[in-house]
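Protein chains in written order, with our numbering: chain A, 2 to 206; chain B, 2 to 206.
The beta-carbon is built from N, C-alpha and C at its ideal position, and this holds for glycine as well.
Model, not experiment: these values are computed from the prediction.
Here is the structure we will look at, set down as structure tokens.
Protein chains: 2
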Amino acid sequence: MRHFTADDLSNFETRYRNYLINSLSGYKSANLIGTQNVSGQTNLAVFNSVVHLGSNPALLGFILRPTTVPRHSFSNMQNTGYFSVNHIGQDMIEAAHNTSAKYPETVSEFEKTGLQPVYKTDQKVPFVEGSPVQILCRYVNNYLIEENNTRLVVGAIEEVFVQEEMLHPDGWLQLDKGNVVAINGLEGYAKTALIDRFPYARPKE
Amino acid sequence: MRHFTADDLSNFETRYRNYLINSLSGYKSANLIGTQNVSGQTNLAVFNSVVHLGSNPALLGFILRPTTVPRHSFSNMQNTGYFSVNHIGQDMIEAAHNTSAKYPETVSEFEKTGLQPVYKTDQKVPFVEGSPVQILCRYVNNYLIEENNTRLVVGAIEEVFVQEEMLHPDGWLQLDKGNVVAINGLEGYAKTALIDRFPYARPKE
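Okay, here's the thing in structure tokens:
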């Protein structure tokens, strides 16, 4: 195996270190977060850091990079109180990735990438048409991570839309049935296939 | 599509809600966290919430459930200062899942699951033999998420071991080359295959 020491990590050229460290923690969730500002201007951004925080109350979180530059998704959800989380299907990976280009706030990533906004709830929050799992979240809180000025943003899950064929009778969603992808680093998109689903693990004698 | 409202989510039977919400946020990273206590007793636990926090300094985080019951991994890393993060390969999914059974602190999940501990650095931290990516982390901090008493634990990446065939010349790790799996909910394990790796996205005219 290749071995990198702490000295290696700090001495790497920036780009090499970014590629390595971004891909180092394993597969990530592949989500598009949709918001709009108070004037109705929509915004759509790819995120690979959405995590499960709890089931009751139903909460999720994601990591926001330092707010030293404008973060339109974050300011929108703080101002309107809501955002959508949309799973990325295999047929939308290139458009999803292109939402990461830096557009000014007056430009909607929906228009630039060809993804279609759709309004499905009473809140003024755009969802992504065709996304296999669409979640309405209420913005709840954020925690500053003082080690590098990133933030953990917390959202409450309020409404859920899922493709019928993904939903098992016991509530479990089988993600590969919706062609949901996983992200490798910041820029690799992988298709997936369930190997096995295990029962709740109990101690062995 | 199936539509669940906020009322549906709060009225579901506990097990149904847990399965649904746990699988709702998309694919998760599949990692085994290895620690030992000050007496040398090893501990190994599966986590599906490891996220990238930053590249310089190289930081990762993971979500810890409420500490209302003993969390051996957490107390060990606070006491010794270190933990290992090991990617789960296709050949170890059942053993990895079985680390989630509730064993007392005096029992090592290594012994019960058949996974082999291996010591690779100066720190007294067990890694998982055969894991395609092995990371030594220094425990840095934790943030209490007051909405549900979970915690975001922050670790600094200090040493890295990766299978040669996963490493691209620019530093990017191609996870499927190491047969790294992704987790669907708490208990589904999926194999993966890279579809495409896209360049840094730039605005379109």
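At a beta-carbon threshold of 9 Å, the residues of chain A lying near residue 91/B are 196, ordered along the chain. Of the candidates 168/A, 88/A, 17/A, 88/A places its Cα closest to the Cα of residue 27/B. Shown in chain order are the members of the segment 52-69 of chain A whose Cβ falls below 7 Å from a Cβ of chain B: 52, 53, 54, 55, 56, 57, 58, 59, 60, 61, 64. Here residue 152/A carries a strand assignment [DSSP, helix/strand/coil]. In this structure, DSSP gives residue 16/A a helical state, which the three-state scheme calls helix. In this structure, the alpha-carbon of residue 203/A lies about 15 Å from that of residue 94/B.
Note on geometry: alpha-carbon atoms of residue 14/A and residue 51/B lie some 25 Å from one another. Each residue's CA atom was taken as its position, placing residue 3/B and residue 18/A some 42 Å apart. Burial check for residue 150/A: the Cβ neighbour count within 10 Å stays below 16, so the residue is exposed.
In terms of Cβ geometry, residue 195/A and residue 179/B do not form a close pair [threshold 7 Å].
Taking a 10 Å sphere around the C-beta of residue 69/A, we find fewer than 16 other C-beta atoms and assign the residue as exposed.
If you look at residue 88/A, you'll find it isn't in any alpha helix (DSSP H); it sits in the beta strand (DSSP E) that goes 83-88.
Within 10 angstroms of the beta-carbon of residue 11/B lie fewer than 16 other beta-carbons, which makes it exposed. Three or more Cβ pairs closer than 8 Å define a contact, and the segment 128-136 of chain B meets that threshold against the segment 159-175 of chain B.
Contact between residue 176/A and residue 62/A is ruled out by a C-beta separation of about 19 Å, above the 8 Å threshold.
From the beta-carbon of residue 164/A, the residues of chain B found nearer than 8 Å are 2, 3. Between residue 122/B and chain A, the shortest Cβ-Cβ separation is not below 7 Å.
Across the structure, residue 192/A and residue 184/B are spaced so that their CA atoms are roughly 13 Å apart. Straight through space, the alpha carbons of residue 84/B and residue 113/A are spaced by roughly 43 Å. Residues of chain B whose Cβ lies closer than 7 Å to the Cβ of residue 130/A do not exist; the shortest such Cβ separation is about 11 Å. Where residue 99/B is concerned, the enclosing alpha helix (DSSP H) starts and stops at 94-99. Annotation for residue 114/B: no beta strand (DSSP E) segment contains it, though the alpha helix (DSSP H) segment containing it runs 110-114. Nearest to residue 60/B by C-alpha distance, out of 54/A, 7/A, 92/A, 108/A, is 7/A. Separation of residue 200/B and residue 116/B (C-alpha to C-alpha, rounded to the nearest whole angstrom) is 38 Å. According to the DSSP assignment, residue 142/B belongs to the beta strand (DSSP E) that extends over 134-146. Beta-bridge annotation (DSSP): residue 118/B is paired with 129/B. Listed along the chain, the chain A residues whose CB falls inside 9 Å of the CB of residue 82/B amount to none; the nearest CB is some 14 Å away. Chain A has no Cβ within less than 7 Å of the Cβ of residue 96/B.
Using a CB distance cut-off of 7 Å, residue 46/B does not count as an interface residue toward chain A. According to DSSP, residue 197/B shares a beta bridge with 190/A. Taking every protein chain shown into account, the CB of residue 155/A has 16 or more other CB atoms within 10 angstroms, so this residue is buried.
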